[in-house]
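The sequence shown: position 194 = 198 (the numbering used here), numbered continuously. Using N, Cα and C, we set each Cβ at its ideal position, and we do this for glycine too. Working notes for the structure below.
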Amino acid sequence: MAWRIGVDSGGTFTDVCLFNDENGAVEIWKVSSTPDDPSRAIAQGVVEGLEKVGAKAADLAFFGHGTTVATNALIELRGVKTGLVVSDGFRDLLEIGRQKRPSLYDMFAEKPRELVTRDLRHEVPERLKADGSIAVPLEEDALREAFRTLAAQDVKALAICFLYGFLNTEHEARALAIAAEELPDVFVSASHEVAPEFREYERLSTTVVNAYLGPVMQRYIRRLKDRLEEIGLKVSPQLTQSNGGVIGFDQAGSLPVRTVLSGPSTGVVGAQAIGRMAGFDNIITFDVGGTSSDVALLQNGVCQLTGEADVHGYPIKAPMLDIHTVGAGGGSIAHVDSGGLLKVGPRSAGAHPGPVCYGLGSEEPTVTDANIVLQTLNPVEILGGRMKVRRDLALASVERLAEKLGISAMETAQGILSVVTANMAKAIRVISVQRGHDPRDYALMAFGGAGPLHAARLARELDMAKVIVPLTPGTLCALGLLLTDLRSDFALSRLMRLDHTAGEGLEDGFVALAVQAETWFAAENIASDRQVITRTVDMRYAGQNYELPVTVPAGPIAADTFAALEKGFEAAHRQRFGFIAEGEPIQIVTLRVEAAGLVDKAEFQKQADAGPDAAAAKIGERDVWMAEAGGFVTCPVYERSLLKAGNIISGPAIVEQMDTTTVLLPEMTGKVDPYLNLILEV
5 MAWRIGVDSG GTFTDVCLFN DENGAVEIWK VSSTPDDPSR AIAQGVVEGL
55 EKVGAKAADL AFFGHGTTVA TNALIELRGV KTGLVVSDGF RDLLEIGRQK
105 RPSLYDMFAE KPRELVTRDL RHEVPERLKA DGSIAVPLEE DALREAFRTL
155 AAQDVKALAI CFLYGFLNTE HEARALAIAA EELPDVFVSA SHEVAPEFRE
205 YERLSTTVVN AYLGPVMQRY IRRLKDRLEE IGLKVSPQLT QSNGGVIGFD
255 QAGSLPVRTV LSGPSTGVVG AQAIGRMAGF DNIITFDVGG TSSDVALLQN
305 GVCQLTGEAD VHGYPIKAPM LDIHTVGAGG GSIAHVDSGG LLKVGPRSAG
355 AHPGPVCYGL GSEEPTVTDA NIVLQTLNPV EILGGRMKVR RDLALASVER
405 LAEKLGISAM ETAQGILSVV TANMAKAIRV ISVQRGHDPR DYALMAFGGA
455 GPLHAARLAR ELDMAKVIVP LTPGTLCALG LLLTDLRSDF ALSRLMRLDH
505 TAGEGLEDGF VALAVQAETW FAAENIASDR QVITRTVDMR YAGQNYELPV
555 TVPAGPIAAD TFAALEKGFE AAHRQRFGFI AEGEPIQIVT LRVEAAGLVD
605 KAEFQKQADA GPDAAAAKIG ERDVWMAEAG GFVTCPVYER SLLKAGNIIS
655 GPAIVEQMDT TTVLLPEMTG KVDPYLNLIL EV
C-alpha cells in the first residue's frame, strides 16, 4: 500500500492530494464541492484521483480529511435545536456574556444570535465554591424535571455547564448519567469534558457550540464513512482538528468544536514542513480560497497555539492554531456602498452559482472575474483546461460596476484587486505588526487556489522581499494532512503564584493531565515509541486579564523550572507588549498538555539542478493588464509542471498550473528550488 491521500473539503472546491511512499510522487486533483452533501464530492474526488494514478481505495495506507462542515454550520446557524442546563441564577449568562460592545460606535451593530433560546435554558439548584467544594448539593429531582421539559420541547442536543464545574466534576458527571436515562437519544455535552478551564462565559459558550454542532458533525461523519466504505477504503480515516493534528472520526464526532478550523490548520502544517525544507524559519502563511483568506505567523518554524478564539461572534475555548481569517477570497463579491465607494466582500458567490465567468447565472462581479478581465487568470479555461470560463460575461459585470464608479472597466477590475489586497494586508498586520513582529523579517508563503495570484502585490504592499509558492499550492491544505501527526490537547485551570509554593500543584496537575493523555494514546492505539508529550502553562501578571503560553521544561518540577518559566514569560511579554513589569507577581493560570502520536509522513525528494534556462517550460504569451506597467503588457506564460530545479524566470510573467496561477510583477524574479518550490524575489 504505497499511496497516502489527503482530502480538503472547502466551500468552492474539494482538493485531493496523493503521495506515493515508494517514489515520492505527488499527484493532485480538484472537483467542485457539493454543499448539500460534502461527502459526495469527497468520494468523487478520491475515486477520480485514484483513477488518475491507477490505484484503488483498498490500496491506501492513510486517509486524512479536513472539513468546513462545523464552521459552515456555525456561520449559517444550521445546528440543531439545543437545550441548556446551568447553575441556579445563571440562565441568562449566554446572552449577558462579558457585556462588551465589539463595535463601540456602530449604532446598528448586531449581536450574534443565541444558539439556545431562553425557553430552552433551565436552572437547577446546585453550587460549587471557588475552591471546588460543594456549597449546595445537586437537586436531582429538579434536574430530572428540567430534562423531561426539554424532552417535551424536542431538543436534539443538550449542554450542561455548572459554576466551577472544571474544578469539581461531581455534579456535571451526575447530570450526564441522569441525561442518559432521561434523554437517551439526545447528543449531550458537559463543560468539564469540552472545556475544563476557567472563565465561565467562554466555557459555557464552547459547550453550547459543541452541543449545537454535535448531531450535524455526527450525521456528516456517518454519511462520509458509508461512502468511503462503498468505494473500498480499508484504513481508518482521520479528521483534522483546529490544532493542526488529526483524530479519529469518533472523537471528532463527540468534540466537533475542535474542528472549526479543520481546513485552514493543515495548510499551516504543510507550510511549516515546506518552509523547513526550503530553508525558511520565519514565514507568514497566506491561504486564499473561494470565500476567505487565512493568515498565520510561524516564528522559528512554529505557529503558536491559542487556547481561545472568537469564531464568527462565538467565543470558543479550544486549542487551535493562531490563524486569522478575513472575508476576502476569489469568490468575494465587489459592490459599491451607500457612500459610492468600492467594497469587496465579505459576501461570496460560493461554488454555485460561483463567479460570473462560470456562466451559471451570477451577475455580481467577484475577485475571480476581475482577474479574468485583466487576464492575470486564463480568460478561456482554468483547472488545467477542465473548466471553461466566459470573459465576456465577467467583463459585462465589471462594466456595470464601472458605470456606478464613473471609471473604466479595466480601472475597476484593478480597483477590485487593490481593495482585496488592502484587506489581505490588514489581516497580516493583525498577526504581525500588532503583535510585535515586522513582516519584512518574514517570507510570505502563498497557497490556496488564489494565494499565488495575489501574493506578489501583497508582498509589495507589506515590503516583504520573498514569496514562496509551493509545488501544489492549490491543494496544500490537503497535502498538509499527509504531513501531520495524531494529536490531542488537555487542559486544567489552576490559579497559582509563580514561586516554590506552586511546585506541588504543578506536579499534581501535570500528572492528572498525563493520565488523560495516556488514556487517549490507548484509545488511538498509539505505540509507546510513537508517543510525545509537550507541557505548557498560560501565565500572566497578577491583575492582567489575558495570558501568554510558556513551554515547561522537560523533567520533574524543580527550582530551575520556575526560573525557566519566569524567563520564558518575560520574553513572551516583551515580544507581545514591548515591556516587562519588573517586580510584579506572576501567576500560572492554566496547565496544558499536548499529546502527539507520531505517524509516517510524506517525504519529499531533492531534484537535480537543471540550470537557469526555463525556455522549455514556456507555453505561450498573453496580454495582461498590470497597473505596475501602466496597462496591457505581453507576458510569457509558463507551465508549472515543466519548470525544473534551478530554472529562473523574470517578471512580468504568468505561471499556470491545474490548481492555481502565479503572477510575477515587473522587476521580480522567480527561481525554482531543489524541492520545486518557486521562490519569488521582489
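Q. At what residues does the beta strand (DSSP E) containing V628 begin and finish?
A. Against the sequence shown, residue 628 aligns to sequence position 624. Its beta strand (DSSP E) spans residues K622 to M630.
Q. When DSSP builds the beta bridges, which residues end up paired with H69?
A. One-based indexing of the sequence shown puts residue 69 at position 65. Note: H69 sits in a beta bridge opposite V11 and L243.
Q.
In the DSSP output, what is S532 paired with across the bridge?
A. Position 528 of the sequence shown, counted from the first residue, corresponds to residue 532. Answer by DSSP bridge pairing: none, since S532 is not bridged.
Q: Give the secondary structure of P477 by DSSP, where H, G and I count as helix, E and B as strand, and everything else as coil.
A: Position 473 of the sequence shown holds residue 477. P477: helix per DSSP, three-state reduction.
Q.
With three or more C-beta pairs closer than 8 Å as the rule, is the segment 467-479 touching the segment 516-534?
A. no
Q. Going by DSSP, what residues sit across from K408 in a beta bridge?
A. The residue given as residue 408 occupies position 404 in the sequence shown. BP columns for K408 are empty, so no partner.
Q: Look at the alpha carbon of Y550 and the alpha carbon of I432, and state the distance between them as a whole number of angstroms.
A: Mapped onto the sequence shown, residue 550 falls at position 546. Mapped onto the sequence shown, residue 432 falls at position 428. Near 22 Å, if we compare the C-alpha coordinates of I432 and Y550.
Q: Pick out the complete beta strand (DSSP E) segments inside the segment 109-134, 3 residues or longer, and give them in chain order.
A: 125-128
Q) CA-CA distance, S609 and G28? A) Here residue 609 corresponds to residue number 605 of the sequence shown, with the count starting at 1. Here residue 28 corresponds to residue number 24 of the sequence shown, with the count starting at 1. Correcting the residue identity first, residue 609 is Gln in this sequence and not Ser. Roughly 6 Å between the two C-alpha positions.
(Q) At the level of alpha carbons, what is the spacing between A374 and E367? (A) As a position in the sequence shown, residue 374 is number 370, starting the count at 1. As a position in the sequence shown, residue 367 is number 363, starting the count at 1. Cα-Cα distance, rounded: 13 Å.
Q) Q222 by DSSP, collapsed to three states: which one? A) Taking the sequence shown and counting its residues from 1, one reaches residue 222 at position 218. Helix, per DSSP.
Q) Looking at the unbroken beta strand (DSSP E) that takes in T86, where does it start and where does it end? A) The count along the sequence shown starts at 1 and reaches residue 86 at position 82. Residues T86 to S91.
Q: Return the residue from the list A447, L466, G634 and C639 that minimises the CA-CA distance to L682.
A: Counting from 1 along the sequence shown, the entry for residue 682 is found at position 678. Ranked by Cα distance from L682, the options A447, L466, G634 and C639 are led by A447.
**Q.** Reduced DSSP category for E201 - H, G, I as helix; E, B as strand; rest coil
**A.** Here the question's residue 201 lines up with position 197 in the sequence shown. Three-state DSSP puts E201 in coil, outside helix and strand.
Q. Over what stretch of residues does the alpha helix (DSSP H) that includes N304 continue unbroken?
A. On the sequence shown, residue 304 is found 300 positions in, with the first residue counted as 1. Premise fails: N304 is in no alpha helix (DSSP H) and is neither H nor E.
Q. When the Cα atoms are used, what is the spatial distance from P616 to K56?
A. On the sequence shown, residue 616 is found 612 positions in, with the first residue counted as 1. On the sequence shown, residue 56 is found 52 positions in, with the first residue counted as 1. The alpha-carbon atoms of P616 and K56 are separated by roughly 31 Å.
Q: Grab the span of the beta strand (DSSP E) containing F151 for me, first residue to last.
A: Reading the sequence shown from its first residue, position 147 is the one you call residue 151. Element bounds for F151: not the beta strand (DSSP E) but the alpha helix (DSSP H), E144 to A156.
Q. Between the Cα of M221 and the Cα atoms of N427, G257, L602 and G236, which residue gives the shortest distance?
A. Here residue 221 is taken as the residue at index 217 of the sequence shown, counted from 1. Comparing Cα positions, the closest option is G257.
(Q) Taking the straight line between their C-alpha atoms, what separation do you get for A215 and S195? (A) Reading the sequence shown from its first residue, position 211 is the one you call residue 215. Reading the sequence shown from its first residue, position 191 is the one you call residue 195. Taking the straight line from one Cα to the other gives about 10 Å.
Q) Of all the options F151, F202 and D230, which has the alpha carbon lying nearest to the alpha carbon of F191? A) By 1-based counting over the sequence shown, the position of residue 191 is 187. When only C-alpha atoms are compared, the closest one is F151.
(Q) If I measure Cβ to Cβ from V159 and keep anything under 7 Å in the same chain, skipping five residues before and after, which residues do I get? (A) The residue labelled residue 159 in the question sits at position 155 within the sequence shown. Taking V159 as the centre and dropping the five residues before and after it, the same chain places the C-beta of K85, T86, G87, L124 and V190 closer than 7 Å to its C-beta, in chain order.
Q) If you draw a straight line from the alpha carbon of L552 to that of E233, how long is it in whole angstroms? A) Reading the sequence shown from its first residue, position 548 is the one you call residue 552. Reading the sequence shown from its first residue, position 229 is the one you call residue 233. If you take the alpha carbons of L552 and E233, they lie about 44 Å apart.
Q: Could you check how far apart the C-beta atoms of A649 and D677 are, in whole angstroms? I think they sit under 8 Å.
A: By one-based count along the sequence shown, residue 649 stands at place 645. By one-based count along the sequence shown, residue 677 stands at place 673. Correct: roughly 7 Å between the Cβ atoms.
Q. Going by the CB atoms, is the gap between D19 and A6 shorter than 7 Å?
A. Within the sequence shown, numbered from 1, the residue matching residue 6 stands at position 2. Within the sequence shown, numbered from 1, the residue matching residue 19 stands at position 15. In this structure, D19 does not lie closer than 7 Å to A6 by Cβ.
Q. Under 7 Å between the Cβ atoms of H339 and K347?
A. On the sequence shown, position 335 is the one that residue 339 refers to. On the sequence shown, position 343 is the one that residue 347 refers to. Yes, these two residues count as a Cβ contact at 7 Å.
Q. So which of E130, E312, L397 and D564 has the shortest CA-CA distance to E176?
A. Residue 176 sits at position 172 when you count from the first residue of the sequence shown. Nearest C-alpha to E176: E130.
Q) Using CA coordinates, which residue listed in V641, W33, E522 and L466 is at the minimum distance from D493? A) One-based indexing of the sequence shown puts residue 493 at position 489. It is E522.
(Q) Between which residues of its own chain and S401 is the CB-CB distance below 7 Å, once the five residues before and five after are set aside? (A) If you number the sequence shown from 1, residue 401 lands on position 397. Once the five neighbours on either side are set aside, the close Cβ partners of S401 are V360, E367, E368, P369 and D373.
(Q) Can you confirm whether the segment 134-146 touches the segment 167-184 when touching is taken to mean that 3 or more C-beta pairs between the two stretches lie within less than 8 Å? (A) yes
Q: Classify A567 as buried or exposed, calling it buried when 16 or more other Cβ atoms lie within 10 Å of its own Cβ.
A: Within the sequence shown, residue 567 is the residue found at index 563, counting from 1. Label assigned to A567: exposed.
Q: Taking the CB atoms as reference points, tell me whether V239 and L64 lie closer together than 7 Å.
A: As a working note, residue 239 is residue 235 in the sequence shown. As a working note, residue 64 is residue 60 in the sequence shown. Yes, the pair counts as a contact, with Cβ atoms nearer than the cut-off.
Q: Mind checking who H339 pairs with in its DSSP beta bridge?
A: Residue 339 sits at position 335 when you count from the first residue of the sequence shown. H339 is bridged to K347.
Q) Does DSSP put A649 in a helix, a strand or coil? A) The sequence position of residue 649 within the sequence shown is 645, counting from 1. In the three-state DSSP reduction, A649 falls in the coil class, being neither helix nor strand.
Q) Leaving out five residues before and five after G14 in sequence, what residues of the same chain have Cβ atoms less than 7 Å from its Cβ? A) Start at 1 with the first residue of the sequence shown, and residue 14 comes out as number 10. Here the set comprises S37, T72, G267, G293 and G294.
Q | Euclidean distance between Cα positions of V554 and A563 | A | Residue mapping note: residue 554 aligns to position 550 of the sequence shown, counting from 1. Residue mapping note: residue 563 aligns to position 559 of the sequence shown, counting from 1. Taking the straight line joining both Cα atoms gives about 16 Å.
Q.
Please identify the residue among F573, E118, K430 and L167 whose C-alpha is closest to the C-alpha of S91.
A. Residue mapping note: residue 91 aligns to position 87 of the sequence shown, counting from 1. The shortest C-alpha separation from S91 is found at L167.
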